[in-house]
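The block underneath contains the structure these notes are about, expressed in structure tokens.
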Amino acid sequence: MTNSTLLSAKKLSVRFGGVLAVNNVSFDVRQGEVFTLIGPNGAGKTTVFNLISRIYTPTSGEIDYLGPDGMLRLTEQPPQNVAGLGIARTFQNIELFEHATVLHNLLIGRHTQRKTGLWQDLFFTPAARQAELQAREKAEEVIEFLDLQHHRDAMVEGLPYGVRKVVELARALCTEPRLLLLDEPSSGLNVEETEDMAFWIADIKNELGITVLMVEHDMTLVSKVSDRVLAMNQGELLALGTPREVQNDAGVIEAYLGSVDDVSSLHRQAANKGASA
Amino acid sequence: MRFIFKTDYAQDIRLAKHGGHVFWYGALMLVLLAAPWLLAEYWLAQLTFVLIYAIAGLGLMLLAGFTGLFSLGHAAFLGVGAYTQAVLTNAGWPFPIALACAAGLSAAVGVVVGLPALRVKGIYLGMATLSFGFIVEEVLARWESVTGGNAGVHIKQPVLFDWTLDSGDKFYFLCLLITVLATLGMLNLLRAPTGRAFVAIRDSEISAQSMGIHLARYKTLSFALSAALAGVAGALYAHKLQFISPDQFNILQSIDLLLMIVIGGLGSVHGAFLGAIFLISMPQIIAMVKDYLPASIGQAPGLQGFVYGVVLVAFVLFEPQGLYGRWLKIRTYLQMFPFYRKGLFKRQKSFQKSDRLR
Chain S
1 MTNSTLLSAK KLSVRFGGVL AVNNVSFDVR QGEVFTLIGP NGAGKTTVFN LISRIYTPTS
61 GEIDYLGPDG MLRLTEQPPQ NVAGLGIART FQNIELFEHA TVLHNLLIGR HTQRKTGLWQ
121 DLFFTPAARQ AELQAREKAE EVIEFLDLQH HRDAMVEGLP YGVRKVVELA RALCTEPRLL
181 LLDEPSSGLN VEETEDMAFW IADIKNELGI TVLMVEHDMT LVSKVSDRVL AMNQGELLAL
241 GTPREVQNDA GVIEAYLGSV DDVSSLHRQA ANKGASA
Chain Z
1 MRFIFKTDYA QDIRLAKHGG HVFWYGALML VLLAAPWLLA EYWLAQLTFV LIYAIAGLGL
61 MLLAGFTGLF SLGHAAFLGV GAYTQAVLTN AGWPFPIALA CAAGLSAAVG VVVGLPALRV
121 KGIYLGMATL SFGFIVEEVL ARWESVTGGN AGVHIKQPVL FDWTLDSGDK FYFLCLLITV
181 LATLGMLNLL RAPTGRAFVA IRDSEISAQS MGIHLARYKT LSFALSAALA GVAGALYAHK
241 LQFISPDQFN ILQSIDLLLM IVIGGLGSVH GAFLGAIFLI SMPQIIAMVK DYLPASIGQA
301 PGLQGFVYGV VLVAFVLFEP QGLYGRWLKI RTYLQMFPFY RKGLFKRQKS FQKSDRLR
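See the structure below:
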């Protein structure tokens, strides 16, 4: 594992009307690590994801990214270039191509690697045929990696939620990413599926050497696979460190459970109630 | 039931997936080639119209069925193609060059119309294309020095360099050739990255973009290809009728085209053909049945529009997948006999974003 920085967010802020969704957040993602964003609902985790995949543009601050050809400013890239730079993502509310088969979805994931143009496609030249076979081979590797063989020719619209989640991960892997953004990979999965997901994330990091940046609520999964964790609350950075450090951080505990003052005030109320009764 | 034993990835990208395909499509091809000897002149002309509408239908299917962009002004592209062909043919240009120009000009107009498609969606795109249709119809009617205005324009017979296509048979073979080429091109696109990008845009734009698909480029491309096919169909249409006037390319024609692909089955290449057969055969069937109906119904004006409307409503309600969807069910029934279950094709109502395209 190298320690060079792959992605570096600098003083990111996003404002939607009166809401400051992300406020002055800076962090670095190192090459080859699993970096997790945690925080209560509305903390701005998904917004950070959308900033990286260029669905939103930050109000201020910027993101630098070590692309295939060296460091570049990600926030100046058009959104459709992000995948080509090696950043793939999954979505919190699964965004698959519903009216297509699993294989078809994975092949769309190969879009950035396409070698043929419109005319070659139109006449399906030998080059196009060759490119199709290569794309298929890569897709099959991913199918093998994620055990999707049974669902290869199934339409996505008929698949159960847990499988769709895996298909979305597979589609992201088909782009051959350097940085994989996973938005709540375990949401809606049962215990067994979550364990599989943890294995796969570890494999993606160790075997494929892909850096993973994820948003996740399940702390068991987070502590199992993450190298570093960043806690956010209400758009601001709370704590950054190993899973254990962050879990024991006073600020994080307060954000999730409320402060000691809150608890003691509850005590007083209870005591008063007891006295009056 | 047919079980296909797959041993090679190339099997999945083959156009004919198994022997049945080869046999049936080969048989269809033979029948179509023999049609001039089998059919009377009138019916051959109707078959030619089916082919012409199928080409336009393929174009609209690419746009609406595969890219998810609905156009309510597609007759305008048909009109641009038809008038380009008329003007160039009358100026003495050979058929292939005039046809290429008709397709090219339609595609260029398609790009211009496609530009609003980058910003607006759904019903708003429908409005934009609808108003575009009106604009083109108006231009065709007013630009009298070129189009001949509302009086219309006659078009000479197509000339393939030294060879004049002066009979219905020869023109039929020309239409058949172009239809086959258009269909093969479309099938090729759909099994290659370009076609997959269209489907991706249809099903989830945000996801398509994060897979690296340039939304603006592919939407414009889809409009251009769709308009080019409509332009080719328009050029053949002009030759077939030998006389064109602006009111042939009005909103009713646009609605006919849309009706055709919805009834045929959105999102399938077969649907364009089934829809074209429906569109051409329906007036014939109505004309045949008319005589047996009471005069108050049979002779009532607007009977055809009424029947079309009823059929469309019935399809939307009972068979959203169109004629092709119905055919798939029948085929499955026959293949699985006697094990077909009624709920086999029932759409599972899932509470996710899966119902964008019905």
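Keeping their order, the protein sequence lines are chains S and Z. Quick note, the first sequence lines up with residues 1 to 277 if you use our numbering. Quick note, the second sequence lines up with residues 1 to 358 if you use our numbering. Quick reminder that beta carbons are idealized off the backbone N, C-alpha and C, glycines included.
Which partner residues does residue i have in the DSSP bridge list?
{"i": "Glu236(S)", "result": "Asn233(S)"}
{"i": "Trp163(Z)", "result": "Leu160(Z)"}
{"i": "His154(Z)", "result": "Phe243(Z)"}
{"i": "Gly241(S)", "result": "Val229(S)"}
{"i": "Met155(S)", "result": "Thr101(S)"}
{"i": "Ala9(S)", "result": "Phe27(S) and Ile63(S)"}
{"i": "Ile38(S)", "result": "Ala231(S)"}
{"i": "Val215(S)", "result": "Leu37(S) and Asp183(S)"}
{"i": "Arg15(S)", "result": "Leu20(S)"}
Here's the rule I'm using: 16 or more other beta-carbon atoms within 10 Å means buried, otherwise exposed. How should residue i be labelled?
{"i": "Leu78(Z)", "result": "buried"}
{"i": "Leu15(Z)", "result": "exposed"}
{"i": "Asn206(S)", "result": "exposed"}
{"i": "Arg142(Z)", "result": "exposed"}
{"i": "Glu144(S)", "result": "exposed"}
{"i": "Val22(Z)", "result": "exposed"}
{"i": "Ala341(Z)", "result": "Residue identity check: residue 341(Z) is Arg in the sequence provided, not Ala. Exposed, by the Cβ-count rule."}
{"i": "Val31(Z)", "result": "exposed"}
{"i": "Val269(Z)", "result": "buried"}
{"i": "Ile97(Z)", "result": "exposed"}
{"i": "Trp200(S)", "result": "buried"}
{"i": "Phe345(Z)", "result": "exposed"}
{"i": "Arg191(Z)", "result": "buried"}
{"i": "Arg331(Z)", "result": "exposed"}
{"i": "Thr194(Z)", "result": "buried"}
{"i": "Ala277(S)", "result": "Annotation note: pLDDT 46 at Ala277(S) (below 50); position unreliable, coordinate value reported separately. Ala277(S) is exposed by the Cβ-count criterion."}
{"i": "Asp203(Z)", "result": "buried"}
{"i": "Gln242(Z)", "result": "exposed"}
{"i": "Ala276(Z)", "result": "buried"}
{"i": "Phe337(Z)", "result": "exposed"}
Is residue j closer than 8 Å to residue i when the C-beta atoms are compared?
{"i": "Thr211(S)", "j": "Glu33(S)", "result": "yes"}
{"i": "Ala170(S)", "j": "Leu106(S)", "result": "yes"}
{"i": "Phe318(Z)", "j": "Val262(Z)", "result": "no"}
{"i": "Ala91(Z)", "j": "Ile155(Z)", "result": "no"}
{"i": "Tyr60(Z)", "j": "Gly133(Z)", "result": "With the sequence shown as reference, residue 60(Z) is identified as Leu, and Tyr is not the correct amino acid for it. Contact: no."}
{"i": "Ile52(S)", "j": "Ile94(S)", "result": "no"}
{"i": "Phe223(Z)", "j": "Gly114(Z)", "result": "yes"}
{"i": "Ile63(S)", "j": "Ala9(S)", "result": "yes"}
{"i": "Leu12(S)", "j": "Gly61(S)", "result": "yes"}
{"i": "Ala255(S)", "j": "Pro40(S)", "result": "yes"}
{"i": "His99(S)", "j": "Glu157(S)", "result": "yes"}
{"i": "Thr84(Z)", "j": "Ala102(Z)", "result": "yes"}
{"i": "Val215(S)", "j": "Glu184(S)", "result": "yes"}
{"i": "Val191(S)", "j": "Ile38(S)", "result": "no"}
{"i": "Ala86(Z)", "j": "Ile244(Z)", "result": "yes"}
{"i": "Leu180(S)", "j": "Phe27(S)", "result": "no"}
{"i": "Ala107(Z)", "j": "Ala228(Z)", "result": "yes"}
{"i": "Gly162(S)", "j": "Leu182(S)", "result": "no"}
{"i": "Ala43(S)", "j": "Gly235(S)", "result": "yes"}
{"i": "Leu274(Z)", "j": "Tyr324(Z)", "result": "yes"}
{"i": "Gln134(S)", "j": "Ala127(S)", "result": "no"}
{"i": "Val102(S)", "j": "Leu148(S)", "result": "yes"}
{"i": "Thr220(Z)", "j": "Val120(Z)", "result": "no"}
{"i": "Lys45(S)", "j": "Met232(S)", "result": "yes"}
(request) Note down, in chain order, all residues in the segment 224 to 236 of chain Z with a beta-carbon under 8 Å from any beta-carbon belonging to chain S. (result) Here the close residues number zero.
(request) Jot down the residue ranges of each uninterrupted alpha helix (DSSP H) in the segment 14 to 95 of chain Z, minimum 4 residues, whole runs only, in chain order. (result) Listed in chain order, the complete alpha helix (DSSP H) runs (minimum 4 residues) inside the segment 14 to 95 of chain Z are 19 to 38, 41 to 60 and 74 to 90.
(message) What are the residues in the segment 39 to 56 of chain S lying within 8 Å of chain Z by C-beta distance?
(response) Residues Ser53 and Ile55.
(message) If we require 3 or more residues per run, which beta strand (DSSP E) segments fall completely within the segment 60 to 104 of chain S?
(response) Annotation note: the segment 60 to 104 of chain S contains the following uninterrupted beta strand (DSSP E) runs of length 3 or greater, listed N- to C-terminal: 60 to 67, 70 to 73 and 87 to 89.
(message) Against chain Z, which members of the segment 216 to 238 of chain S pass a CB distance test of less than 8 Å?
(response) Within the segment 216 to 238 of chain S, no residue qualifies.
(message) Any C-beta of chain Z within less than 7 Å: which residues of the segment 162 to 182 of chain S qualify?
(response) Taking 7 Å as the upper bound on Cβ-Cβ separation, chain Z lies near residues Thr175 of the segment 162 to 182 of chain S.
(request) Closer than 8 Å, Cβ to Cβ, to anything on chain S: give me those residues from the segment 309 to 330 of chain Z, in chain order. (result) Listed in sequence order: no entries.
(message) For a minimum of 3 consecutive residues, which ranges assigned as the beta strand (DSSP E) are wholly contained in the segment 166 to 213 of chain S?
(response) List check, beta strand (DSSP E) in window: 179 to 183.
(message) Against chain Z, which members of the segment 68 to 81 of chain S pass a CB distance test of less than 9 Å?
(response) Those would be Pro78, Pro79, Gln80 and Asn81, in chain order.
(message) Just to confirm the assignment: which complete alpha helix (DSSP H) runs, minimum length 4, are found wholly within the segment 260 to 293 of chain Z?
(response) Taking only runs of at least 4 residues, the alpha helix (DSSP H) segments lying wholly in the segment 260 to 293 of chain Z are 269 to 290.
(request) Give, in chain order, every residue of the segment 177 to 204 of chain Z whose Cβ lies closer than 8 Å to some Cβ of chain S. (result) Per Cβ criterion, the list reads Gly185, Asn188, Leu189, Arg191, Ala192, Pro193, Thr194, Gly195, Arg196, Ala197, Val199, Ala200, Arg202, Asp203 and Ser204.
(request) Identify each residue in the segment 257 to 275 of chain Z for which the Cβ-Cβ distance to at least one residue of chain S is less than 8 Å, and report them in chain order. (result) Hits within the stretch, in order: Gly267.
(message) Any C-beta of chain Z within less than 9 Å: which residues of the segment 129 to 146 of chain S qualify?
(response) Flagged, chain order: Arg129, Ala131, Glu132, Leu133, Ala135, Arg136, Glu137 and Glu140.
(message) So if I threshold CB-CB distances at 8 Å, which residues from the segment 6 to 23 of chain Z count as touching chain S?
(response) Result list: Tyr9, Ala10, Asp12 and Ile13.
(request) Ignoring anything shorter than 3 residues or poking outside the segment 110 to 140 of chain S, list the beta strand (DSSP E) runs there in chain order. (result) For the segment 110 to 140 of chain S, not a single whole beta strand (DSSP E) run of length 3 or above is found.
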